[in-house]
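Presented below is the structure to which this report refers.
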Amino acid sequence: MQGIWFSELQTPGLAISVKLKKTLHHEKTPYQDLAVVETESYGRMLLLDNIIQTTVGDEFFYHEMIAHVPLNTHPNPRTALVIGGGDGGVIREIIKHPSIEKATLVEIDARVVANAREYLPEISCGLDDARVEIRFEDGIEHVRQMENTYDVIIVDSTDPIGPAVGLFSAEFYRNVYRALKPDGLFVAQTESPLFNGRLIRRIQRDLAEIFPIARLYLGTVPTYPGGLWSFSLGSKEYDPLEVDWKKAPQLVTRYYTPAIHQGAFALPPFVQEILEKR
Ligand code: AAT
Numbered sequence: 388m389q390g391i392w393f394s395e396l397q398t399p400g401l402a403i404s405v406k407l408k409k410t411l412h413h414e415k416t417p418y419q420d421l422a423v424v425e426t427e428s429y430g431r432m433l434l435l436d437n438i439i440q441t442t443v444g445d446e447f448f449y450h451e452m453i454a455h456v457p458l459n460t461h462p463n464p465r466t467a468l469v470i471g472g473g474d475g476g477v478i479r480e481i482i483k484h485p486s487i488e489k490a491t492l493v494e495i496d497a498r499v500v501a502n503a504r505e506y507l508p509e510i511s512c513g514l515d516d517a518r519v520e521i522r523f524e525d526g527i528e529h530v531r532q533m534e535n536t537y538d539v540i541i542v543d544s545t546d547p548i549g550p551a552v553g554l555f556s557a558e559f560y561r562n563v564y565r566a567l568k569p570d571g572l573f574v575a576q577t578e579s580p581l582f583n584g585r586l587i588r589r590i591q592r593d594l595a596e597i598f599p600i601a602r603l604y605l606g607t608v609p610t611y612p613g614g615l616w617s618f619s620l621g622s623k624e625y626d627p628l629e630v631d632w633k634k635a636p637q638l639v640t641r642y643y644t645p646a647i648h649q650g651a652f653a654l655p656p657f658v659q660e661i662l663e664k665r
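So for the sequence shown, the numbering used here puts the first residue at 388; every next one is plus one.
Here it is, written out as structure tokens:
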């Protein structure tokens, strides 16, 4: 292979490789190793601890699916919280919803936001919207302190290592429940159904004990391990399968549509098996 390639070791036996044009930035933040590189096939790419977080070429799959499924499930979302997501992609999607009055971003690492602003303007462009508040805090602490505050909470976190471990715990989900309004709902990215089945099963069981409605949905993310990604949703009142589409806002998107929303909850037998296994 000619040129310089970056490889992410996605599992001990599987790597994804992208050909680099150049490295735009590299630093050690107080929380992680951060790099922004220019790739040949996906444009600019953000790496944290050598793990692909997002690329300009394929970010829309993930950001649209993690944002619009919960926001369209709620009939009138006015306040939204994003935990993690310092690149701004989820915020950009949230502010497409006309009902949103305030979107709060709680990101632990200020350097992620600073670098996204500088190198990833297509993704971070919503961060300056007047409805957006950015706080550099630990999301685990933030939800511990909040009560009856948000209509929708979206957990756009790194994989369950380092500062993100607690974002995958039952205690965190109980605090999320409390931080939500009486009819609120939340979504978290919950990794690959191919490689993280046990984690997904455990999360779904925790959510089913805490929320009246707990569901799993799937989406494609080309640069994440396995290419198929899972999202876990916990809701106090609204069922994501019973959206009144006549009342949903018209959104300009590249992946998400009402039909994709509905279809994302159709689970293939191998995923159903993950959930049913004892
Ligand atoms: N939009 C896709 C990008 C991400 S980045 C996830 C962000 O979560 C990172 O910026 C990281 O600094 C932040 N984060 C991690 N732990 C916490 C915490 N406890 N509180 C607040 N923010 C946190 C997601 C990529 C998914 C990768 C899948 N392989």
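Even for Gly, the Cβ is constructed at its ideal location relative to N, Cα and C. From a predicted model like this one, the values you see are computed outputs, not experimental measurements.
Exposed unless 16 or more other CB atoms sit within 10 angstroms - verdict on residue i
{"i": "L401", "result": "exposed"}
{"i": "P627", "result": "buried"}
{"i": "R665", "result": "exposed"}
{"i": "H412", "result": "exposed"}
{"i": "N437", "result": "exposed"}
{"i": "Q637", "result": "exposed"}
{"i": "D496", "result": "buried"}
{"i": "V542", "result": "buried"}
{"i": "R479", "result": "buried"}
Residue i Cβ short of 8 Å to ligand 1 heavy atom set
{"i": "A551", "result": "yes"}
{"i": "Q532", "result": "no"}
{"i": "N612", "result": "Per the sequence shown, the amino acid found at residue 612 is Pro instead of Asn. At least one heavy atom of ligand 1 is nearer than 8 Å to the Cβ of P612, so yes."}
{"i": "Y560", "result": "no"}
{"i": "Q659", "result": "no"}
{"i": "G473", "result": "yes"}
{"i": "T545", "result": "yes"}
{"i": "V519", "result": "no"}
{"i": "I438", "result": "yes"}
{"i": "D570", "result": "no"}
{"i": "D420", "result": "no"}
{"i": "T426", "result": "no"}
{"i": "I527", "result": "yes"}
{"i": "G476", "result": "yes"}
{"i": "Y643", "result": "no"}
{"i": "Y449", "result": "yes"}
Where the alpha helix (DSSP H) containing residue i begins and where it ends
{"i": "L514", "result": "Element bounds for L514: n/a, residue is neither H nor E."}
{"i": "M452", "result": "E446 to T460"}
{"i": "A595", "result": "G584 to I597"}
{"i": "I541", "result": "No alpha helix (DSSP H) holds I541; the beta strand (DSSP E) holding it covers Y537 to D543."}
{"i": "I661", "result": "P656 to E663"}
{"i": "F559", "result": "A557 to A566"}
{"i": "A497", "result": "A497 to Y506"}
{"i": "R479", "result": "G476 to I481"}
{"i": "G650", "result": "P645 to G650"}
Cutoff 6 Å; reference residue i; Cβ partners in own chain excluding five residues on either side
{"i": "T610", "result": "I439, T442 and D445"}
{"i": "F573", "result": "I540, V563 and G621"}
Cβ-based neighbour list, residue i, same chain, cut-off 7 Å, excluding 5 preceding and 5 following
{"i": "R531", "result": "N562"}
{"i": "N463", "result": "S486"}
Sequence-distant residues of its chain with Cβ nearer than 8 Å to residue i (five each side left out)
{"i": "L581", "result": "P612, G613 and L615"}
{"i": "E520", "result": "K489, A490, T491 and L492"}
{"i": "A551", "result": "G471, S544 and T545"}
Span of the beta strand (DSSP E) around residue i
{"i": "E414", "result": "L401 to K415"}
{"i": "E528", "result": "Here E528 belongs to no beta strand (DSSP E); instead the alpha helix (DSSP H) covers G526 to Q532."}
{"i": "I548", "result": "From DSSP, I548 is part of no beta strand (DSSP E); its letter is neither H nor E."}
{"i": "S622", "result": "L615 to S622"}
{"i": "R602", "result": "I600 to T607"}
Short CB-CB distance (under 9 Å) between residue i and chain C
{"i": "E425", "result": "Of the protein chains in the structure, only one exists, and it is not chain C."}
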